[in-house]
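Undergrad:
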Amino acid sequence: MKLSREEVLHIATIYRLGLSEADIEKARDQLSNILENFEVLKEVDTTNVPPTAQSITLSNVMQDDVPRPSLPSEDVLANAPVREEDFFKLRPVLESGGV
Amino acid sequence: MTPNYFDLTIHEAHDLLKARKISAVELMQICRNRIEDVERDVRAVITVTEETALVQAKEADRRIARGDMTPLTGVPALIKDNMCTKGVRTTCSSKMLENFVPPYNATVIEKLNAAGMVLIGKTNMDEFAMGSSTENSALFTTHNPWDLTRVPGGSSGGSAAGVTASEAVYALGSDTGGSIRQPAGFCNVTGLKPTYGRVSRYGLVAFASSLDQIGPLTKDALDAALVMNVISGHDACDSTSAPEPVPDYTRGLTGDLHGMKLGIPKEYYVEGMEAGVESVMQAAIKKLEELGATVGWGVSLPHTRYSLPVYYIIAPSEASANLARYDGSKYGYSYKDTDNMWEAMEKTRQFGFGAEVKRRIMLGTYALSAGYYDAYYLKAQKVRTLIRREFDAAFEKYDALVTPTSPTVPFKIGEKADNPLQMYLSDVCTLPINIAGVPAISIPAGFSEGLPVGMQIIGKPFSEPALFKISHAFQQATDWHKQRPPLKPD
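Chains H and E are the protein sequences, given in the same order.
Going by the numbering used here, the first sequence opens with residue 1, and the numbers climb by one from there.
Going by the numbering used here, the second sequence opens with residue 1001, and the numbers climb by one from there.
#1: Need the endpoints of the alpha helix (DSSP H) that T1052/E sits in, please.
#2: Quick one: any contact between the stretch 1343-1352 of chain E and the stretch 1459-1479 of chain E, if contact means 3 or more CB pairs under 8 Å?
#3: Given a cut-off of 8 Å on the beta-carbon distance, is the pair Y15/H and T1047/E in contact?
#4: Compute the distance between the beta-carbons of L1539/E and E1012/E, then report whether it is under 8 Å.
#5: Taking Cβ to Cβ, would you say S1155/E is nearer than 8 Å to D1126/E?
#6: I want to verify the contact list: residues of chain H whose CB lies under 7 Å from the CB of S1480/E, in sequence order.
#7: In angstroms, rounded to a whole number, what distance separates the CA positions of R1181/E and A1283/E?
#8: If I measure Cβ to Cβ from H10/H and keep anything under 8 Å in the same chain, skipping five residues before and after, which residues do I get?
#9: Quick one, which of E1390/E, S1210/E, T1195/E and V1409/E has its alpha-carbon nearest A1275/E's?
#10: Look at I1458/E and L1401/E and say whether their C-beta atoms are less than 8 Å apart.
#11: Which partner residues does M1455/E have in the DSSP bridge list?
#12: Can you give the Cα-Cα distance for K2/H and Q1475/E, rounded to whole angstroms?
#13: Restricting to Cα atoms, I'd like to know which of G1272/E, T1254/E and Y1311/E is closest to L1291/E.
#14: Going straight from the alpha carbon of D1220/E to that of S1369/E, what length do you get?
#15: Do G1185/E and V1453/E count as a contact pair if the criterion is CB distance below 8 Å?
#16: Would you kindly work out how many angstroms separate the C-alpha atoms of R91/H and K1347/E, rounded to a whole number?
#17: Please check if any C-beta of chain E sits within less than 8 Å of the C-beta of S55/H.
#18: Against E1346/E, what residues of chain H qualify as contacts under a CB-to-CB distance less than 7 Å, listed in chain order?
#19: Against chain H, does L1421/E count as a neighbour if the rule is that its beta carbon must be under 8 Å from one of theirs?
#20: For F38/H, decide whether its Cβ has a neighbour in chain E, counting only Cβ atoms nearer than 8 Å.
#21: Which class does D1175/E belong to by DSSP, given the choice of helix, strand or coil?
#22: Here's a check: name, in chain order, each residue in its chain whose Cβ is nearer than 6 Å to the Cβ of S1320/E, leaving out the five neighbours to either side.
#23: For V1199/E and G1233/E, I'd like the C-alpha separation in whole angstroms.
#24: In or out: W1297/E buried (at least 16 other Cβ within 10 Å) or exposed?
#25: List in chain order: all unbroken beta strand (DSSP E) runs of 3+ residues lying wholly within the stretch 1354-1440 of chain E.
#26: For T1190/E, which option in F1140/E, V1163/E, G1328/E and N1113/E has the closest C-alpha, if you only look at C-alpha atoms?
#27: Determine the chain H residues that contact S1179/E at a beta-carbon separation under 8 Å, and present them in chain order.
#28: Locate the alpha helix (DSSP H) running through G1296/E, then write down its first and last residues.
#29: Could you list the residues in the stretch 1291-1315 of chain E with a C-beta less than 8 Å from some C-beta on chain H, going in chain order?
#30: Is the CB of D29/H under 8 Å away from at least one CB in chain E?
#31: Below 6 Å CB to CB, which residues in the same chain sit around L1301/E once its five sequence neighbours on both sides are set aside?
#32: Would you kindly check if the distance between the Cβ of V1108/E and the Cβ of A1057/E is under 8 Å?
#33: Helix, strand or coil for N60/H per DSSP?
#34: Counting C-beta neighbours from all protein chains within 10 Å, is the total for G1352/E 16 or more, i.e. buried, or is it exposed?
#35: Looking at the strands, I want to know which residues DSSP matches up with R1150/E.
#36: Excluding sequence positions up to five away, which residues of its chain have a Cβ less than 7 Å from the Cβ of C1502/E?
Take a look at the structure:
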């Protein structure tokens, strides 16, 4: 079962991942090949087996809400692609055609 | 005979520094010269941090002079380029982070700094730690110092190659599915993937958060124990960090394995394993028996064969979530040539991420998407439970399990680059360990066709002391770990 072009584009769209034409064709072949290999999991009986999300037994780790110094804003903004004063400057969201 | 100072272990360097036979500044310069001599061939290091290393080495010499030294004070180290180093570029070997300079240190860096580390450079890796050969680096490919036409393994290939080529005394790597152990095996160094939660992940660029662990790559087991003494422990900045007390890992290295029960799981000795690797393993296991260990051959972990699909569903799923932060808005590469927000985000990722990263993002997005979540992600998490239970059961009978680290010796550069599934198979012996969250170490076990073979020793959660004990005993009785590649300086 080879992934269709539409399926690949759907994955790319929901992630907002840009792909070239060559990327799309390559993804169809390679992803299909890898997904085929996942089929073997169907043979494992997992009735009444709980899922493992992580391997340690900790859950709901809490700590006291104690204020501590933050990084200086100059340091935080040093890697900003575009900044204005003390802000990251982004493109308009609503004018981009919504979600 | 004058010793090759660049060949020193941490404990040897410490003894010389302590006796004032060498200064930290001299040792730093020796490593700096060594980097210059071999880097044209090896290409393990992305950024050489000479200026800060000199400052740190001078400070180390002051500490040594006032008798305030730790075993790591003044010892030069390499750090994989996915751990944040304040003020030092941290690229993840990706175009996305090529010019990223972190405003803070990872917890492991803070701890090593407090111990007196001299950071000499940041090492090459597969982009975002996704890969098994370092060929996925968007910057350049690292070469295996044992044979420059072969890969050093990955994703911590730069750290492993850098240590075996003695460009520094030790290194840190990270391991999500074998990324410390497989390159350690390929490059003939000692590499530990600690128990999940043992070492803080704060400041480690996230790949797959339920699998990632930071660990040492060193020239022997004692060195790995010395590094673990510093980097282990609970960290409030990492909510998955374990509150277990940290033992002194250098204790119990007696060289004697009487009373230890080692299991040999048969599923790790089949399909695709090279004959040369098998005979090295046979000899290594015999040596462990001679040292007093009891070896049980009848161990079976039948779900091992599902580790590959389980891993390649869970890791890409977590990666797709983690890498969603790279949208070009706060840091990293940002596509500029549009006013449209969505287009900017898509193009940022299209040009910022390499082929393997995109492949895994798509795999993960697919596995998590509506209609496929139960069949892929949830199913993989359930099989993960079965794999963990199998390890739990094995550790009721055995103190540790012994397997090859990789089924093959290092492969040729380019050999598997166009076949992702073949590349994934090179981690078949190391993936189950991250899935179960248990610790495992790879140590040099011998050579096949002149190339290193690693032995993997797997333990129950927080049994790092047992892994060090076994590794140290083996290294007292063999000298495989002392072999160095025949590099010719330029």
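We treat Cβ as the ideally placed atom computed from N, Cα and C, and that holds for glycine.
TA: Here's the rundown:
#1: Residue 1052/E sits at position 52 when you count from the first residue of the second sequence. E1050 to A1065 is the span of the alpha helix (DSSP H), which, as asked, contains T1052/E.
#2: no
#3: Translated into positions along the first sequence, residue 15/H becomes position 15. Translated into positions along the second sequence, residue 1047/E becomes position 47. Cβ atoms of Y15/H and T1047/E: not closer than 8 Å.
#4: Absent from the structure is residue 1539/E, since the part of chain E shown begins at 1001 and ends at 1490.
#5: By 1-based counting over the second sequence, the position of residue 1155/E is 155. By 1-based counting over the second sequence, the position of residue 1126/E is 126. Result yes, Cβ atoms of S1155/E and D1126/E sit closer than 8 Å.
#6: In the second sequence, counting from the first residue as 1, residue 1480/E sits at position 480. The sequence given here has Trp at residue 1480/E, not Ser. Going along chain H, no residue has its Cβ under 7 Å from W1480/E, so there is no contact; the nearest lies around 31 Å.
#7: For the purposes of this step, residue 1181/E is identified with residue 181 of the second sequence, where counting begins at 1. For the purposes of this step, residue 1283/E is identified with residue 283 of the second sequence, where counting begins at 1. Those two C-alpha atoms are separated by around 20 Å.
#8: Within the first sequence, residue 10/H is the residue found at index 10, counting from 1. Result list for H10/H: empty, nothing under 8 Å.
#9: Here residue 1275/E is taken as the residue at index 275 of the second sequence, counted from 1. Checked all of E1390/E, S1210/E, T1195/E and V1409/E; the closest Cα to A1275/E is V1409/E.
#10: Against the second sequence, residue 1458/E aligns to sequence position 458. Against the second sequence, residue 1401/E aligns to sequence position 401. The answer is yes: Cβ separation under 8 Å.
#11: For the purposes of this step, residue 1455/E is taken as residue 455 along the second sequence, with counting starting at 1. Bridge partners of M1455/E: P1404/E and I1443/E.
#12: Your numbering for residue 2/H matches position 2 in the first sequence. Your numbering for residue 1475/E matches position 475 in the second sequence. One C-alpha to the other measures close to 50 Å.
#13: Numbered from 1 along the second sequence, position 291 holds the residue referred to as residue 1291/E. Selected option, being the one with the closest Cα: T1254/E.
#14: Position 220 of the second sequence, counted from the first residue, corresponds to residue 1220/E. Position 369 of the second sequence, counted from the first residue, corresponds to residue 1369/E. For D1220/E and S1369/E, the distance between alpha carbons rounds to 45 Å.
#15: The sequence position of residue 1453/E within the second sequence is 453, counting from 1. The sequence position of residue 1185/E within the second sequence is 185, counting from 1. It is a contact, given that the beta carbons lie within the stated cut-off.
#16: Taking the first residue of the first sequence as 1, we reach residue 91/H at position 91. Taking the first residue of the second sequence as 1, we reach residue 1347/E at position 347. If you take the alpha carbons of R91/H and K1347/E, they lie about 14 Å apart.
#17: Translated into the one-based positions of the first sequence, residue 55/H becomes position 55. Judged by the 8 Å Cβ criterion, S55/H is in contact with chain E.
#18: Along the second sequence, one-based indexing puts residue 1346/E at 346. By Cβ distance, chain H contributes R16, L17 and G18.
#19: Your numbering for residue 1421/E matches position 421 in the second sequence. At least one chain H Cβ lies under 8 Å of L1421/E.
#20: Taking the first residue of the first sequence as position 1, residue 38/H is located at position 38. By this cut-off, F38/H is an interface position.
#21: As a working note, residue 1175/E is residue 175 in the second sequence. If DSSP states are grouped into helix, strand and coil, D1175/E belongs with the strands.
#22: Here the question's residue 1320/E lines up with position 320 in the second sequence. Cβ within range, chain order: I1361, G1364 and T1365.
#23: Here residue 1199/E corresponds to residue number 199 of the second sequence, with the count starting at 1. Here residue 1233/E corresponds to residue number 233 of the second sequence, with the count starting at 1. The alpha-carbon atoms of V1199/E and G1233/E are separated by roughly 6 Å.
#24: If you number the second sequence from 1, residue 1297/E lands on position 297. So W1297/E counts as exposed.
#25: 1400-1404
#26: Taking the second sequence and counting its residues from 1, the one referred to as residue 1190/E is at position 190. The shortest C-alpha separation from T1190/E is found at V1163/E.
#27: Against the second sequence, residue 1179/E aligns to sequence position 179. Result: empty, since nearest Cβ-Cβ is about 17 Å, beyond 8 Å.
#28: Within the second sequence, numbered from 1, the residue matching residue 1296/E stands at position 296. Counting along the chain, G1296/E falls outside any alpha helix (DSSP H), though it belongs to the beta strand (DSSP E) covering T1294 to V1299.
#29: H1303, R1305, Y1306, L1308, P1309, V1310, Y1312 and I1313
#30: The sequence position of residue 29/H within the first sequence is 29, counting from 1. D29/H does not count as touching chain E.
#31: Here residue 1301/E corresponds to residue number 301 of the second sequence, with the count starting at 1. Same-chain partners within the cutoff: P1265, E1267 and E1390.
#32: Position 57 of the second sequence, counted from the first residue, corresponds to residue 1057/E. Position 108 of the second sequence, counted from the first residue, corresponds to residue 1108/E. Cβ atoms of A1057/E and V1108/E: not closer than 8 Å.
#33: Locating residue 60/H in the first sequence gives position 60, where the first residue counts as 1. Residue state, collapsed to three classes: coil.
#34: Translated into the one-based positions of the second sequence, residue 1352/E becomes position 352. Flag for G1352/E reads buried.
#35: Counting from 1 along the second sequence, the entry for residue 1150/E is found at position 150. In DSSP, R1150/E forms a bridge with K1412/E.
#36: Past the boundaries of the shown model lies residue 1502/E; chain E is included only from 1001 to 1490, so the question cannot be answered.
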